[in-house]
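Visitor: Before I ask anything, let me first share the structure, which is written out below as structure tokens.
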Amino acid sequence: MNLLSTPLARLDRLARPLTGRPSPLHGAHVVITGASSGIGEATAYAAAAAGAHVLLVARRADELEHVAARVREQGGRATTYPCDLTDGPAVDALAARLLDEHGHVDQLVNNAGRSIRRSLALSGGRFHDVERTMAINFLAPVRLTMGLLPSMRERGSGHVVNIVTWGVQLKAPKFSAYIASKTALDAWSRVAGRETWADGVTFTSMRFGLVETAMTAPTEAYAGRGASPEQAAARVVRAMEERPVLVSTLAGNVGEVLNLVAPRLTDVLFARADRAFADSAAARTADPAPAAAAAPKIHRVPDEPVAT
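Next comes the structure, spelled out in structure tokens:
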């Protein structure tokens, strides 16, 4: 790796129509979590179209096989790996199986996750919101990444894309559990990338804005807003090819600067926005807490993130 690797990759992408060179993903083994719907599903199609062998991970086996079948119909290569990523030993077994069956992994897209938009006023007695969000948004991707990193470092090549959110910059109200979990992943990725740079392994944090998926649907204020999963997937594929440290939005970057130079002003502005945009009907409807710890499955988790 060198300091110019990302600019050179961007030039290569621009020149590809003239040179006829294939995408850097051609022939690569690309693991995509949360691949049964939303951003993950769209990324599977886009990466396969670029020539990658996509290794699809999600909890829902039937939906996952449907995605794989469509990839194959379009001439791509796909293998499915049903897995509950909140089950730690299952994640360890998944990493071992991926390496055993394919020898190595070139790219890992940590996309699986869940979002909770609920104010603190409605969160009393709901600490499980924090626990389940951290389980899938932070602990799961870190565990899977750590399972694959030794192989990547030994080979001297590898890349990890972590789907986070512009919320790590904006600190928007009503997303305390979600933004905290994604901020943890964002920070962990930055540290890990500095430790593995000399070994040829890089990390990208994708701080998406709003993306229309099944997870945004319960929030009435988001109806008809945001990028499509296909637009988000195109940016993920570009990040896999170019390996930037960060992919951010202009609004997120502006918000981050304002939080640094005028923190109290941004507190006032977000406090007003918090009052103006109420909790959704879904947030006001109580759902049952997870089963007791003795149960084999603690909770069920959606397979794709909403970037809010």
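Numbers 1 to 308, taken from the UniProt record's numbering, label the letters of the sequence shown in order. C-beta atoms are modelled at their ideal positions from N, C-alpha and C, and glycine is treated no differently.
By DSSP, does Ile116 sit in helix, in strand, or in coil?
Guide: Assigned with DSSP and collapsed to three states, Ile116 falls in coil, not helix or strand.
Visitor: Which value, in whole angstroms, describes the spacing of the CA atoms of Ala49 and Arg238?
Guide: Going from the Cα of Ala49 to the Cα of Arg238 covers about 13 Å.
Visitor: What are the start and end residues of the beta strand (DSSP E) that includes Phe203?
Guide: Val201 to Met206 is the span of the beta strand (DSSP E), which, as asked, contains Phe203.
Visitor: Take the Cβ of Leu55 as the centre, count every other Cβ of all protein chains shown within 10 Å, and call the residue buried at 16 or more, exposed below.
Guide: buried
Visitor: State the Cα-Cα distance for the pair His53 and Tyr178, rounded to the nearest angstrom.
Guide: 31 Å
Visitor: Measuring CB to CB, does Val67 end up less than 8 Å from Leu108?
Guide: no
Visitor: With 16 other CB atoms within 10 Å as the buried threshold, where does residue 341 fall?
Guide: Outside the shown range of the chain, which is 1 to 308, sits residue 341, and nothing can be said about it.
Visitor: Strictly by DSSP, which residues pair up with Ile32?
Guide: Leu56 and Val109
Visitor: Pick helix, strand or coil for Thr6, following the three-state DSSP scheme.
Guide: helix
Visitor: What are the partner residues of Val159, as DSSP defines its beta bridges?
Guide: The amino acid occupying residue 159 in the given sequence is His; Val does not appear at that position. His159 is bridged to Gln107 and Thr202.
Visitor: Leaving out five residues on either side along the sequence, give the residues of the same chain with a beta carbon under 6 Å from the beta carbon of Ala42.
Guide: So the qualifying residues of the chain are Pro229, Glu230 and Ala233.
Visitor: Write down the C-beta distance between Leu94 and Cys83 rounded to the nearest angstrom, noting that I regard them as a contact closer than 8 Å.
Guide: 5 Å
Visitor: Who are Tyr81's beta bridge partners in DSSP?
Guide: Paired residue(s): Val57.
Visitor: Taking the beta carbon of Gly88 as the centre, do at least 16 other beta carbons fall within 10 Å, making it buried, or is it exposed?
Guide: exposed
Visitor: Might you give, ordered along the chain, the residues of its own chain that have their beta carbon closer than 6 Å to the beta carbon of Val30, omitting 5 neighbours on each side?
Guide: Ala47, Ala52, Val54 and Gln107
Visitor: How would you write the range of the alpha helix (DSSP H) that Gly252 sits in, first residue to last?
Guide: Leu250 to Val261
Visitor: Tell me the residue span of the alpha helix (DSSP H) that contains Trp166.
Guide: Here Trp166 belongs to no alpha helix (DSSP H), and DSSP marks it neither H nor E.
Visitor: Mind checking whether Val201 and Arg153 have CB atoms under 8 Å apart?
Guide: yes
Visitor: Helix or strand or just coil, what does DSSP make of Leu25?
Guide: coil
Visitor: Is Val211 helix, strand or coil when you go by DSSP?
Guide: strand
Visitor: Taking just the CA atoms, how far does Leu120 sit from Leu64?
Guide: 35 Å
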